[in-house]
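For the sequence shown, position 27 matches number 23 in the numbering used here, and the numbering has no gaps at all.
Every residue gets a Cβ at the ideal spot worked out from N, C-alpha and C, and that includes glycine.
Note that the structure is predicted; figures quoted are calculated from it, not measured.
This report refers to the structure that appears directly beneath it.
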Amino acid sequence: MKPAVKAKNASVNRMKSRSLMTSTDIFEFLLNRADQYRSGLINA
């Protein structure tokens, strides 16, 4: 198999696994933002 094809398949597999993770990633991202916002308000 050509390296380019192999790399493309790897990136596609990464995208698939990432799409499964997206909801939890967004959830954690929002939680982190909320924590930063709260600590920012407290510090201010």
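Three-state secondary structure (DSSP) of residue i
| i | result |
| --- | --- |
| K(-2) | coil |
Within-9 angstroms CB hit, residue i to chain B
| i | result |
| --- | --- |
| I22 | Among the protein chains of the structure shown there is no chain B, as only one such chain exists. |
Straight-line gap, residue i to residue j (C-alpha atoms, nearest Å)
| i | j | result |
| --- | --- | --- |
| L27 | Y33 | 10 angstroms |
| T18 | K4 | 21 angstroms |
| A0 | A6 | 10 angstroms |
| K2 | R29 | 37 angstroms |
| T20 | D31 | 16 angstroms |
| E41 | G36 | There is no way to answer for residue 41, as the model of the chain reaches only from -3 to 40. |
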